[in-house]
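Q: Sending over a structure as structure tokens; questions will come in a sec.
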Amino acid sequence: MKRSSDSSIPSDGSHHTQPKKPAARPVVPVNLDVRAYFAEGALDNSQPWLLNPEIPSPDEIMGTGSETEFVDLLPNRIVGPWSSKNEYLKAHYELLREDAVAPLRDAVAYFREDPDIQDMNIVSIYEKVHIVGITFAQQGVATRIQFSTIRSGKNIVWEYSKRLRTGTIVALSPADDSFRNKCVIAVVAARPLNGVKQHPPEIDIYFARSIDADFDPHQEWVMVEARDGYFDSEFELSSSDRFPLAEQICLLHPNTDTPEYVKADPVMDIQSTICPSGEEGKINILESWPRYPTGDLDATQWRALEQMLTKSLAVIQGPPGTGKTFVSVIALRILLSNMNPGDPPIVVASQTNHALDQLLRHISRFERDYIRLGGRSSDPEIRKRTLFEVRQNEPIAAIQGSVLGQAQRRYNKYHHTIADLLQNFSAENDDVLLPPELFAKYGLLTATQCDSLAKGVKGWIRLNDEEDDNPLLAWLGEHVVPFEVHYSTETFGFEEDEIDLEYEQLKELEAEQGNEEEDRELLKGPFICLRERFCGQSTSAAEEASRKYLKEPDLWKVPVKARGGVYNTLRKLLKDKIRSKFQSLVTLNTNNCKDLRIGKWERDTHLLQDAKLIGMTTTGLSKYRALVSSLKPKVVMIEEAAEAIEAPIAAACFDSLQHMVLVGDHQQLRGSCSVQDLQGEPFFLDISMFERLVNNGIQYQTLRRQRRMAPEIRRLLEPIYGELHDHPSVLERPRVPGMGDFRSYFFSHNWPESNDSLSSKYNEKEAEMIIGFFMHLVLNGVAVKDITVLTFYNGQRKKLLKLFKGNSYLQGQYVNVVTVDSFQGEENEIVILSLVRSGRPTIGFLSIENRVCVALSRARTGFYMFGDSTALADADSLWWQVVTLMGGKNPKRRLGFYLPLTCTKHENVIYKKDPSEWDTAYGGCDLPCNERLGCGHRCSLPCHR
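Just so it is clear: in the sequence shown, position 851 is 851 by full-length UniProt numbering, and no numbers are missing.
This is the structure in structure tokens:
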């Protein structure tokens with residue numbers, strides 16, 4: 001007889017069935033390579049640059065000390081070989097560090113020059129900074145601070161602001177010092193939205209050095225942030241690393257050999273992978289590569305695929321729409337299908353989380369055994385395969401010999417010890433004075449002095465038995481005062497701080513700054529709230545006298561007026577002693593957190609080693625280098641390789657690497673730098689490894705057949721790429737409703753540009769003209785989602801969004817208005833490009849060919865530009881060629897000071913040349929509508945849609 005699954009157990013406990021024991025966890029040996037990596041890095045002092053602290057020192061930020069009087073940097077060598085691997089690594093490490101440190105160094109210099117400055121475009125100042133708590137996170141002891149943003153002069157839109165984002169380095173100084181002598185460096189640990197939106201705002205920080213850690217709620221600080229700086233301390237490359245491919249990457253040897261694992265077994269099945277319905281066809285890919293392409297691949301993609309599978313360093317350039325990702329996915333599918341049991345996982349990386357998710361989405365259709373490292377995927381299916389989720393859902397083996405267990409026990413011990421140390425400053429005790437016993441414990445009061453306090457207070461009459469029995473309260477009398485920090489209500493009417501980031505950019509930053517624990521901007525760990533409500537009433541000049549009074553055995557003999565100062569001196573001396581112990585414990589805890597990290601990665605290696613593929617961003621290549629290196633990967637593929645600065649790609653040259661594939665397009669966007677002086681000549685930090693190799697003669701393959709743009713739009717790229725071939729699928733694109741034969745057009749004007757408060761450009765009249773044109777397209781049947789408005793300037797983007805928001809017809813619809821930089825890799829049916837610049841001899845961003853290339857190549861069916869064609873053609877040779885193409889007669893002229901629109905009802909062309917003319921436009925022309933209404937009458941309105 002079967003027992004019911006919900007059978008009850010007698011209340012007398014007579015049911016004695018033993019509970020089923022959980023299955024024992026498998027025990028596996030520890031992977032010692034993770035801790036060996038850290039140990040070797042700690043011991044490697046073969047080069048002076050390796051001795052730099054992980055986080056910049058106060059001397060670096062303050063510009064003090066002989067070593068910081070000037071910064072001597074080697075530029076990125078973009079022409080010719082490096083003299084050695086060490087010179088190459090040193091140069092890129094120091095360039096990357098300077099890019100991170102210089103903005104904060106300059107911000108502190110601005111403040112030191114004028115401590116009363118208000119926020120600037122490049123500097124944010126936060127005053128009345130006070131410590132309010134401690135979080136014992138497993139990454140370290142985090143300090144919660146509250147602060148005032150009064151110097152911003154504006155309301156801060158925290159949802160779209162890059163202020164104080166996680167990972168930002170900040171500099172703090174006691175308010176009464178203001179960086180004259182003391183500077184403390186910290187890193188933002190977390191910026192939860194509900195924390196910064198409260199009054200006063202709160203964030204969590206890690207002090208960079210344990211000797212700077214503090215807990216004193218009374219200490220007031222001032223905090224300085226560089227608006228453009230972000231420090232990534234994760235770039236780690238030891239000069240003792242073998243650094244595979246150094247001959248090509250550093251010395252620029254043009255000949256690229258075959259990966260050793262391919263030489264050992266060159267027979268692969270490629271036919272059934274490319275054509276899943278076809279028969280299995282194993283071939284020797286080194287000796288018998290098929291002459292003609294298979295499946296949907298064109299000839300250039302076929303040659304690219306051969307390089308990707310057979311060259312130790314394969315470099316593939318893919319102009320817009322030529323199928324870079326398509327070829328990458330096929331190469332990965334072939335490599336994955338030909339893996340042997342026990343082979344290490346393939347590593348793939350992309351510059352952005354968005355692009356990484358797109359790539360993994362393709363891979364997931366044929367391979368489920370992949371894991372995504374780091375960040376926060378926006379794709380629900382990909383999120384299931386993040387390391388965090390896999391760890392939650394799959395049994396974890398017991399790691400024999402791991403440091404994790406001991407490190408967790410020490411973590412608990414240190415957290416309780418620190419909590420006990422700060423007990424008297426916790427919020428639960430903030431309604432009482434610090435007790436005499438505490439001062440005696442630290443040798444600040446003698447037993448005789450404590451007895452004198454107790455005896456003296458016996459003569460006092462108590463109002464009730466529950467009154468505080470601390471004798472210091474009676475001794476201080478009216479010379480004890482509450483400690484309060486007053487934060488004025490910071491409202492600035494409707495004036496808001498400039499929105500720094502587009503939604504897409506903000507999501508990307510949040511994803512990149514999240515850690516592998518999916519912290520969601522919140523620190524996990526025990527928290528203690530710190531508060532000290534009372535202090536003595538005194539002046540700062542009383543401290544020297546107070547120290548003399550502390551030598552008095554009978555404290556009741558201290559003059560009444562001096563007692564507030566004596567109590568404050570006791571508090572100061574006590575905090576100094578506790579701070580010293582606190583900092584020692586923080587040091588021990590910080591070292592233990594490194595063991596926690598090692599232990600967790602020792603655990604994670606056993607999940608990752610069973611995966612066939614691991615995905616991460618290029619930042620993750622540095623961040624997780626110790627973890628990934630321990631898996632001994634042979635193959636690394638980098639998508640968007642031309643958008644990444646060189647250092648993170650160099651970090652992917654693991655000791656075990658045999659095969660690297662770089663896929664990108666150096667004629668589109670380059671890597672970004674915080675410091676403009678490091679971008680371009682003479683330092684060239686923005687030049688990627690991809691671009692440097694291509695320009696120095698390393699063999700590469702360019703894809704030539706594009707599948708995105710209608711030919712009329714594709715021709716605009718001829719000045720950049722020369723000849724691109726059109727796939728048959730782009731030859732029969734439908735007309736753009738309301739535009740007749742005009743698939744592309746350049747509406748030229750000379751309306752003047754303006755600057756916003758962040759010095760970003762905008763052109764109000766051009767924006768108004770674009771709104772009218774957008775509405776014409778929509779009224780003629782184009783879906784709002786099929787139109788993207790692009791601009792080079794955030795100021796113009798905000799102006800356009802404001803105008804769209806005020807359009808009653810579009811209420812409730814999402815209009816895609818983005819900057820060019822955030823639209824790399826994207827496309828849409830119709831693109832409207834707002835060029836903004838007019839009336840000036842220089843054209844700023846519009847003179848950067850890589851950005852122009854992206855802007856010209858996003859549209860599939862219709863592309864319409866608005867700007868001053870004369871100014872652009874006069875200022876830049878590329879724009880001269882583009883304007884010449886659009887002003888030619890093949891096809892008919894696509895440029896003018898009017899906008900040719902087609903009435904789909906009457907088949908006639910109408911022209912608009914000023915925003916005011918849209919007031920009478922309803923998507924039709926100037927003729928009467930004249931259609932018969934339901935009531936039988938003719939419509940008397942002008943032509944409309």
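Ideal Cβ positions, reconstructed from N, Cα and C, are used throughout, including at glycine.
DSSP on G867, reduced to helix/strand/coil?
A: For the purposes of this step, residue 867 is taken as the residue at position 867 of the sequence shown. If DSSP states are grouped into helix, strand and coil, G867 belongs with the strands.
Q: Do you know offhand how far E643's Cα is from N696's?
A: Position 643 of the sequence shown, counted from the start, is the residue given in the question as residue 643. Position 696 of the sequence shown, counted from the start, is the residue given in the question as residue 696. Roughly 18 Å separates the two Cα atoms.
Q: For C943 and S672, what's the separation of their Cα atoms in angstroms?
A: Locating residue 943 in the sequence shown gives position 943, counting from the first residue. Locating residue 672 in the sequence shown gives position 672, counting from the first residue. C-alpha separation (whole angstroms): 49 Å.
Q: Can you check whether the CB of P737 is closer than 9 Å to the CB of T904?
A: As a working note, residue 904 is residue 904 in the sequence shown. As a working note, residue 737 is residue 737 in the sequence shown. It is a contact, given that the beta carbons lie within the stated cut-off.
Q: Count the C-beta pairs between the region 746-760 and the region 777-786 that are closer than 8 Å, then say yes if the count reaches three, no if not.
A: Verdict: no, contact absent.
Q: Are the beta-carbon atoms of L444 and K577 separated by less than 9 Å?
A: Taking the sequence shown and counting its residues from 1, one reaches residue 444 at position 444. Taking the sequence shown and counting its residues from 1, one reaches residue 577 at position 577. Cβ atoms of L444 and K577: closer than 9 Å.
Q: Any idea what DSSP makes of G405, helix, strand or coil?
A: Reading the sequence shown from its first residue, position 405 is the one you call residue 405. Looking at G405 - three-state DSSP - the assignment turns out to be helix.
Q: I need the straight-line Cα distance from R365 to P719, nearest angstrom please.
A: Mapped onto the sequence shown, residue 365 falls at position 365. Mapped onto the sequence shown, residue 719 falls at position 719. Computed Cα separation, rounded: 38 Å.
Q: From I330 to L252, what does the alpha carbon distance come to, in whole angstroms?
A: Here residue 330 refers to the residue found at position 330 of the sequence shown. Here residue 252 refers to the residue found at position 252 of the sequence shown. Distance between the alpha carbons of I330 and L252: 28 Å.
Q: Straight-line CA distance for V315 to F136?
A: As a first step, residue 315 is located in the sequence shown; it is residue number 315 there, counting from the start. As a first step, residue 136 is located in the sequence shown; it is residue number 136 there, counting from the start. Going from the Cα of V315 to the Cα of F136 covers about 46 Å.
Q: Under 9 Å between C-beta atoms, does P26 make it to chain B?
A: Checking the listed chains, one finds no chain B in this structure; it contains a single protein chain.
Q: If you check the beta carbons only, do Y624 and L476 fall under 9 Å apart?
A: The sequence position of residue 624 within the sequence shown is 624, counting from 1. The sequence position of residue 476 within the sequence shown is 476, counting from 1. The answer is no: Cβ separation not under 9 Å.
Q: Helix, strand or coil for I638 per DSSP?
A: Residue mapping note: residue 638 aligns to position 638 of the sequence shown, counting from 1. Three-state DSSP puts I638 in a strand.
Q: DSSP state of S312, grouped into three classes?
A: Within the sequence shown, numbered from 1, the residue matching residue 312 stands at position 312. Here S312 sits in coil by DSSP.
Q: Measure the C-alpha to C-alpha separation of H749 and W880 and round it to an integer number of angstroms.
A: Position 749 of the sequence shown holds residue 749. Position 880 of the sequence shown holds residue 880. Rounded to whole angstroms, H749 to W880 spans 16 Å at the Cα level.
Q: Buried or exposed: M709, going by 16 or more other Cβ atoms within 10 Å of its Cβ?
A: As a working note, residue 709 is residue 709 in the sequence shown. M709 is buried by the Cβ-count criterion.
Q: Opposite A859 in the DSSP bridges: which residues?
A: Residue numbering aside, residue 859 sits at position 859 when the sequence shown is read from its first letter. BP columns for A859 point to N828.
Q: Which of the three DSSP states, helix, strand or coil, is assigned to H416?
A: If you number the sequence shown from 1, residue 416 lands on position 416. Of the three classes helix, strand and coil, the one that applies to H416 here is helix, per DSSP.
Q: Considering only C-alpha positions, which residue in the set D554, L574, Y549 and S674 is nearest to G565?
A: Position 565 of the sequence shown, counted from the first residue, corresponds to residue 565. Nearest C-alpha to G565: Y549.
Q: Could you say which of E437, D369, N353 and A398 lies nearest to R376 if we only look at CA atoms?
A: Locating residue 376 in the sequence shown gives position 376, where the first residue counts as 1. Of E437, D369, N353 and A398, the residue nearest in Cα terms is N353.
Q: What is the residue span of the beta strand (DSSP E) that W221 lies within?
A: Locating residue 221 in the sequence shown gives position 221, counting from the first residue. Where W221 is concerned, the enclosing beta strand (DSSP E) stretches over W221 to A226.
Q: CB L404 to CB T386, shorter than 9 Å?
A: Locating residue 404 in the sequence shown gives position 404, where the first residue counts as 1. Locating residue 386 in the sequence shown gives position 386, where the first residue counts as 1. Contact flag unset, no.
Q: Let me know the secondary structure DSSP gives P380 once reduced to three states.
A: Counting from 1 along the sequence shown, the entry for residue 380 is found at position 380. Helix at P380.
Q: Buried or exposed: where does D926 fall if 16 or more other Cβ atoms within 10 Å of its Cβ makes it buried?
A: Translated into the one-based positions of the sequence shown, residue 926 becomes position 926. Per the 10 Å Cβ criterion, exposed.
Q: On the premise that C529 lies in contact with residue 946, defined as a C-beta separation below 8 Å, what is that separation, rounded to the nearest angstrom?
A: Lying before the first or after the last residue shown, residue 946 is absent from the chain, which here runs from 1 to 945.
Q: Assign Q658 to one of three DSSP states: helix, strand, or coil.
A: Indexing the sequence shown from 1 puts residue 658 at position 658. Coil at Q658, not helix or strand.
Q: Going by DSSP, what residues sit across from A190 in a beta bridge?
A: One-based indexing of the sequence shown puts residue 190 at position 190. Its beta-bridge partners are D204.
Q: DSSP on R368, reduced to helix/strand/coil?
A: As a first step, residue 368 must be located in the sequence shown, where it is residue number 368. Residue state, collapsed to three classes: coil.
Q: Can you name the start and end residues of the alpha helix (DSSP H) that T605 belongs to?
A: Within the sequence shown, numbered from 1, the residue matching residue 605 stands at position 605. Unbroken alpha helix (DSSP H) run through T605: R563 to L608.
Q: Quick check on D926: does DSSP put it in helix, strand or coil?
A: Locating residue 926 in the sequence shown gives position 926, where the first residue counts as 1. Correct three-state label for D926: strand.
Q: Run through the DSSP bridge pairs and tell me what C535 is partnered with.
A: In the sequence shown, the residue the question calls residue 535 occupies position 535. V481, per the DSSP bridge assignment.
Q: Who are the near neighbours of G401 in its chain, counting only those whose CB is closer than 7 Å to its CB and skipping five residues on each side?
A: Stepping through the sequence shown from its first residue, residue 401 is reached at position 401. Once the five neighbours on either side are set aside, the close Cβ partners of G401 are P29 and V30.
Q: What residues are listed by DSSP as bridge partners for C275?
A: Position 275 of the sequence shown, counting from 1, holds the residue named residue 275. In DSSP, C275 forms no bridge with anything.
Q: Answer with buried or exposed for G867, where buried requires no fewer than 16 other C-beta atoms within 10 angstroms of its C-beta.
A: Here residue 867 refers to the residue found at position 867 of the sequence shown. When all chains shown are included, G867 counts as buried.
Q: Looking only at DSSP bridge pairs, what is G664 linked to?
A: Position 664 of the sequence shown, counted from the start, is the residue given in the question as residue 664. DSSP, once it has assigned bridges, lists Q317 as partnering G664.
Q: Since I832 and L790 are thought to touch, with beta carbons under 8 Å apart, how far apart are those beta carbons, to the nearest angstrom?
A: The residue you call residue 832 lines up with position 832 of the sequence shown. The residue you call residue 790 lines up with position 790 of the sequence shown. The Cβ separation is near 7 Å, so the contact holds.
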